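Before any comments, here is the structure.
There are 2 protein chains.
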Amino acid sequence: MINKLKYYTLLYNTIVIVNMKYFKRCFEFLSCFQPMKDLCPDTVLGPYFSDGMRRVDYVLTYHIQKSGSTRRRSSRFGDNNFIQRLWRSLSTRSSRAPLQPKEDPEVAAQEHQTDYHEDDKRFKRDEFEENLRKTGLELEKDEESTIPGIGFLKIHAPWNVLCREAEFMKLKMPTKKVYEVKQGSNVVEKIRMFIHKVTAPLHPKVNTSRSQCEKPLCHAFSREKQHLDIFIDCSQLLYEQWASYSVFYKYQPIGLIRKYFGEKVGLYFAWLGVYTQMLIPAAIIGVIVFLYGCATVDDNIPSMEICDPRNNITMCPLCDQACSYWKLVTACGTARASHLFDNAATVFFSVFMALWAVLFMEHWKRRQMRLNYVWDLTGFGEEEEDHNRAEYEFRVMQKKLKQEHSGLMVKLSQLFSDKICCCCHLTFSQNEFNLTGKTHLINSTSLAALHMSSHPVVRYNIRATVKTTAAIINLIIIIVLDEIYGAIARWLTRLEVPKTDKSFEERLIFKTFILKFVNAFTPIVYLAFFRGRLVGRPGNYLYVVGSYRMEECAHAGCLMELCIQLCITMLGKQLIQNNLFEIGIPKLKKMLRKRKSELDSIQEQVLHNTLKRYEKDQLLGPFVGLNPEYMEMIIQFGMVTLFVASFPLAPLFALLNNIIEIRLDAKKFVTELRRPIAAKAKDIGIWYNLLRGLSKVAVIVNAFVIAFTSDFIPRLVYQYMYSPDGTLHGFVNHTLSYFNVTDFDPGTEPLQPMHLGYKVSVCRYKDYRDPPWSSTKYELSKEFWAILAARLAFVIVFQNVVMLMSDFVDWLIPDIPKDISLQIHKEKILMVELFMKEEQGKRFAARDNQDNCTIPLSANQSPPQPRSRPVSQANCS
Amino acid sequence: MINKLKYYTLLYNTIVIVNMKYFKRCFEFLSCFQPMKDLCPDTVLGPYFSDGMRRVDYVLTYHIQKSGSTRRRSSRFGDNNFIQRLWRSLSTRSSRAPLQPKEDPEVAAQEHQTDYHEDDKRFKRDEFEENLRKTGLELEKDEESTIPGIGFLKIHAPWNVLCREAEFMKLKMPTKKVYEVKQGSNVVEKIRMFIHKVTAPLHPKVNTSRSQCEKPLCHAFSREKQHLDIFIDCSQLLYEQWASYSVFYKYQPIGLIRKYFGEKVGLYFAWLGVYTQMLIPAAIIGVIVFLYGCATVDDNIPSMEICDPRNNITMCPLCDQACSYWKLVTACGTARASHLFDNAATVFFSVFMALWAVLFMEHWKRRQMRLNYVWDLTGFGEEEEDHNRAEYEFRVMQKKLKQEHSGLMVKLSQLFSDKICCCCHLTFSQNEFNLTGKTHLINSTSLAALHMSSHPVVRYNIRATVKTTAAIINLIIIIVLDEIYGAIARWLTRLEVPKTDKSFEERLIFKTFILKFVNAFTPIVYLAFFRGRLVGRPGNYLYVVGSYRMEECAHAGCLMELCIQLCITMLGKQLIQNNLFEIGIPKLKKMLRKRKSELDSIQEQVLHNTLKRYEKDQLLGPFVGLNPEYMEMIIQFGMVTLFVASFPLAPLFALLNNIIEIRLDAKKFVTELRRPIAAKAKDIGIWYNLLRGLSKVAVIVNAFVIAFTSDFIPRLVYQYMYSPDGTLHGFVNHTLSYFNVTDFDPGTEPLQPMHLGYKVSVCRYKDYRDPPWSSTKYELSKEFWAILAARLAFVIVFQNVVMLMSDFVDWLIPDIPKDISLQIHKEKILMVELFMKEEQGKRFAARDNQDNCTIPLSANQSPPQPRSRPVSQANCS
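Here the protein sequences line up with chains W and R, keeping their order. So the first sequence is numbered by UniProt numbering: it starts at 1 and just counts up by one. So the second sequence is numbered by UniProt numbering: it starts at 1 and just counts up by one.
Here you go:
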């Protein structure tokens, strides 16, 4: 039936939900069905059929052409169709529609609507309505609506239909038996109670409202779970206790959210809450690590050596001809700054964050399990919600028709789909390449311009500024490409024509994730692992595209630049995406609306007041699914875990963002979007797998960042293998190789060799190579290989140790919280006891007629008497 | 109730199952309950109560002391108690009891039985029997049994009790509706049919027996799943079609096994079958890899160079004083043999086996899912079977009692448990150390003795023999320690007093696994990674324990020795454990029995014929669980996957062993052990996790074996970095460093320096060190570090690539087979349709009284009419 509903959304424009109760979930709180009228004072106009008795559970809307049989009032808004379109495109835009499959049929239908004859459409609608009636639904049409050009079909689901659907969905009905949740005497329980008391002000004020509508009838339905209590007008309460910045420090009223939006949305906000909560310790440790870096910057021997003016080291030029020799002391600032993100604490923090990611996953698994229990989803199978897509069925039908005509078309379409695959691959790799190229180009051109200036001090002070500018340009490219990639992923997935909604969604998410992830992380990966690696050496630099020399990093590694890029990407992406897209665009929309309504403002005012509830909802933006929200968070999670070794403040930034994000999303869901169709869900689906994948990749990436991007391993190797006194004194000298300036290739030597005021015969460069006086001059030295081996050994050890620790933590923490498993067990025992008592009563009655020692012989032949379980016996009334 | 049954096994000696039908499963085929009498002709004496009507479902046995009230016939077997004990200890031994928790209470009870007064025990038994009666069971005592000293309590579970239990267990009842499993028109289905036809002779002949007992009543119960058909005397059929070596090439009759032994045992054999089946391709590829090694042994440049007599390389002595210089050409044989296991194909085979392990896990998951569906276990929750252990409850009771007396005891016991933890750790590490020490000692002493002889040719030909002898000694130590470790694990776990049976089993398995695994793999790990690594260099050897020099490997790496060790361990362990313990000991038992019965053979003959079925069963060995069987297979799986890089024939050996193992286990289960209590299980539990853990570890271990044990990486590095002509010519020379004999420490130079017939001034040794004429003489050379870096890089690449590929394969193959998920879906749709039709019939009847367009207003207020699902409505009769 639901399937059919979806199929016909190609004919009807859109589905609007006007009721607090949504079709599928209403069974659970049906006891409060009737009193709803009193609780919702604004429903006089809207949510009832014209008889004032039957409630409107669902509304379908459709477009009425002027050629239709019923003429409606004159078009009040002038070119009404245009405004409608503008409106739709705006609302679609603000909620980042590209990820939403459900929106597509609508748009498609609108575009193709001229293809259908109006009479044909009306006929199909009639057929559909007949089908709806056959399933037991009751319908009422409203084509004389205040909004012209749109017809409404109101649907009422009577009690028996609800009962039937609830049975299919295996909705759990509470029995009359109430049991006490154990307030145990053990220490754990006491600690939990204490924590609960301490955090009491953090809990949202939703319990107090319970007494307002406590009714004896409702009470029979309520289990000892508070959220299952009477359902009141949640919208207002949600707005106050959830969708407000003033309650940012409080827990979210998850139960209420689930009640109002369904489990799927509830799980998203629960997940977001757990993630934000888990970010708090990570942010604190991150800040401590950063502060440790700040505090020890003056004790850092390598940067001290670099900054020491007595250390008169002449460095080789950083570019051909234009650059000249320079003194190492000019790199002092960068070296000091690098220490902030490149110290022993960073390694510890990497390990910590890898374990943190595992802990977070574990914590979420437990929370999800708890929610499943509290929301009575334990017996719910996921596959029941998985319906074939309307588009898929349409294609299959098309294919069948074509097959009847000729087999040729099928072959052609197969060829076509092969081609699509190729295209997909091509697009993907091309884009990736482009981006890397761009980043590279930006950095290089700006740097090259600066290098033309021959004042090294100026150059090194400005270096950070250049990097920052480059990072910002990068960021803008990322954001623009993000939107393009979203469209590409959607286009590709639609070409695939997946069979079911679930597979469509999963494929789309996976594609979008890959593309957006690559988009967000390509410049970072480039900076972390490739920048400055393949530069060659003085006299034998590596040139690409003919004469273009590869970039070098500043003296103290690329970690500093990586850090700036991460910082800008994280802050910028969140600021722009949050503020511009999620706050700015809605504001813009309102302004547009205002300007528009200046023409006939009074008229509209009147109109707005007389609009029915479902007509008002029609004017809101459509709900486009949770995927954009999840995607944003996953990319953020990637930033927080993947390169945490180079940017310990990432968790803090993420935390600050999320605190705003929760309330922002809440506001959007409560006030700006149409109410979504409640969807049942046991878990967060593919997102969990993506998170797990990310936290696995994070371990490896962090291992490589520490081993190759930071100077941690070379320092260690120097200290324990080469240092004469076991300290880092002399480390800087050890990392620099010698170069005889007579070995410069002709045409690459500096134009101003006397720039430093003296003639340079031997300059230094950062690499481990044999000196010019060795028999194997400029070859990679033994130290290089030793350090490389140490780096690689570190990667192996780090990866395996962290993986082992993660698996251990995973194994240590049970997936089902102890108290929940105890309660489930207790419930089962209570059920069995109830059943046994009933049983025994019968048996004793039968036994009284017989001797206690001999056993009735007929027992063997007696026909079985099947009984249904108490659960299914529970009465609705 | 089951819980109580278990608790009281401390009072009763043992639980014997005499019936083909076991207590918990009989509900499913109850329709064939009555005709059983005809089908089992040998049941006249046994399985009925004295009234000949009620069937014996369960038998409890207990010990009757002479002080008991009822005196029985004179003890016919002399010291009956002794024989009983011997009997029990033998049967316990042969089935490797150490892992079985259920046996413990019995033994404990027997040991402590003198503590209880007989009257006290009788009183408790009476109480227990009364409890049993309360649950609806019917009892009959038989204390006048033919076996003296043992009383039997026969239990009959009447129909209504079975019905109730079946409801608690949520046993699925087939509805009357029969649906066709789609024999689809698509290609996959056709291929499946074809394969089925081709493999028809491989299927066991169990279907033919269906027609023998087809009855109309049974047919109503049967779904379209053949195994759900009528249950006949399985024992005989199982013996013929399963527990016979003549059917070794056939599939196992898994359905029948499950019917007779329950799901847990069924899953074990299904798993064993899948494992054996999956070993076939692995064995084939392994043999090909081995043959490739044989075929290319003559083209192998390094071994050609070693065997070339023109290559006149003088090597440094392998031990102090006693050994002298030797010529590299004498290592020719070993070098050629090493090539068999150390070539490019080995690397490929390692990757293949890592993926094979993943494929195996995936295949098993799917098979398990299929079995779950076919066996109707999809709705069965694991936790329902998890009962508290009797011992745990006993301890808790004890603790409570003590707590009432004084809090001191509790503290003491806590202290005690802390101590246990320490002990555990200590024992573990000590044992490990001992073993390594021993292996080392064996190898070294035998080798040292041989080295005393100064004939190098003899020495090198005998080398393999020595290794083999050492490996055999090792094997014996492993087998002996295996038994000890089993006992230690059991003892440790019992000290922990885990709460439930499940947690007890899991903890025990985990401990046993760790201990046995360490035991089996310590010598192999030592050989693979430590042997010959830390030997130092000539003139500066590493000495341990004062003057004991570390062992060296033969010239061509330790891979050869590792291979011999693996080969012997695998073959030997399997041969000894299978043949000696599983075939030999039962034979011995029979012989013992025969000798014993020579005294009164005729008397016993008579006795044996008159024994009732349950008395005969009492004489069989007790079922001690599946854990020893699983453990054996897991260790074998470890051998097959962990060091496969060094021994490509491992899968073949494993395959041959398993083909025998299946039938051996089958024979044991069918003929030699008491029938186990059928246990429901959805999966193989902790074993799956252990398998997964092993296949993860296997990736890393294989990476290290290839990188460090084999010469694969040095060869590659030489070929691409150092070789003048890009071939391996000169590789042997490159791996040998120079040593100036004047640099020998005084007292370590050879006693016979002129042994080769000429004066040696510079000898060679296998290492990458700078030559004596270098400024950094005898230091590790640049080549060493380069090769080390290459080795480590290989480990990282190998590990991550294989892990990625594994994850990809894991992701690619759906866990639920497509046809199964389709069938589940179809079942659901059919159920819904059935329900909808019923529904619609009612609705149309109601609608005829009203207008088609207006909707009945009263629908809203009509009281709900809950219906139970068709499943629970299905009638038993």
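Note that CB positions come from ideal geometry on N, CA and C, so glycine has one too. This structure is a prediction, so every number in the text was calculated from the model and none was measured.
Test: residue i CB closer than 7 Å to a CB of chain W
{"i": "Ile796(R)", "result": "yes"}
{"i": "Trp785(R)", "result": "yes"}
{"i": "Ala789(R)", "result": "yes"}
{"i": "Ala354(R)", "result": "no"}
{"i": "Ala793(R)", "result": "yes"}
{"i": "Arg122(R)", "result": "no"}
Nearest-angstrom Cβ-Cβ length linking residue i and residue j, presumed shorter than 8 Å
{"i": "Ile564(R)", "j": "Thr469(R)", "result": "Not quite, the Cβ-Cβ distance comes to about 10 Å (not below 8 Å), so this is no contact."}
{"i": "Pro724(R)", "j": "Cys323(R)", "result": "That pair is no contact at about 34 Å."}
{"i": "Tyr268(R)", "j": "Tyr688(R)", "result": "12 Å between Cβ atoms; not a contact."}
{"i": "Ala786(R)", "j": "Val717(R)", "result": "6 Å"}
Nearest to residue i (by Cα), restricted to the options the options
{"i": "Trp364(R)", "options": "Leu588(R), Gln577(R), Arg692(R) and Gly625(R)", "result": "Arg692(R)"}
{"i": "Leu694(R)", "options": "Asn343(R), Met353(R) and Leu153(R)", "result": "Met353(R)"}
{"i": "Phe712(R)", "options": "Phe341(R), Glu779(R), Leu377(R) and Glu561(R)", "result": "Phe341(R)"}
{"i": "Ile568(W)", "options": "Val832(W), Thr465(W) and Leu377(W)", "result": "Thr465(W)"}
{"i": "Val351(R)", "options": "Gly841(R), Ser806(R), Gly625(R) and Leu822(R)", "result": "Ser806(R)"}
{"i": "Ile473(R)", "options": "Phe290(R), Gly572(R), Val535(R) and Arg533(R)", "result": "Gly572(R)"}
{"i": "Phe637(W)", "options": "Phe653(W), Pro622(W) and Val795(W)", "result": "Phe653(W)"}
{"i": "Leu256(R)", "options": "Tyr245(R), Ala270(R), Ser246(R) and Phe248(R)", "result": "Ala270(R)"}
{"i": "Trp375(W)", "options": "Lys264(W), Tyr778(W), Tyr249(W) and Pro302(W)", "result": "Lys264(W)"}
{"i": "Gly532(W)", "options": "Glu561(W), Pro201(W) and His339(W)", "result": "Glu561(W)"}
{"i": "Asn311(W)", "options": "Ile195(W), Trp326(W) and Asp320(W)", "result": "Trp326(W)"}
{"i": "Pro772(R)", "options": "Pro753(R), Lys782(R), Ile659(R) and Phe739(R)", "result": "Phe739(R)"}
C-beta neighbour in chain R for residue i, strict 7 Å
{"i": "Lys782(W)", "result": "yes"}
{"i": "Leu664(W)", "result": "no"}
{"i": "Ala487(W)", "result": "no"}
Range covered by the beta strand (DSSP E) that runs through residue i
{"i": "Thr346(R)", "result": "Element bounds for Thr346(R): not the beta strand (DSSP E) but the alpha helix (DSSP H), Ala344 to Val374."}
{"i": "Val59(W)", "result": "Tyr58 to His63"}
{"i": "His156(W)", "result": "Ile150 to His156"}
Residues bridged to residue i [DSSP beta-bridge criterion]
{"i": "residue 902(R)", "result": "Residue 902(R) lies beyond the residue range present for chain R, which begins at 1 and ends at 877; the question has no answer from this structure."}
Run of the alpha helix (DSSP H) containing residue i, from where it starts to where it stops
{"i": "Lys502(W)", "result": "Asp501 to Val525"}
{"i": "Leu575(R)", "result": "Leu559 to Leu575"}
{"i": "Glu140(W)", "result": "That residue, Glu140(W), is in no alpha helix (DSSP H); its beta strand (DSSP E) goes Glu138 to Asp142."}
{"i": "Cys294(R)", "result": "Glu263 to Thr296"}
{"i": "Ser244(W)", "result": "Segment: none, Ser244(W) is in no alpha helix (DSSP H) and carries neither H nor E."}
{"i": "Phe653(W)", "result": "Ala650 to Lys667"}
{"i": "Phe704(W)", "result": "Ile686 to Phe704"}
heavy atom of the ligand ADP below 6 Å from residue i C-beta
{"i": "Leu377(R)", "result": "Although the ligand ADP was asked about, the structure shown includes no ligands whatsoever."}
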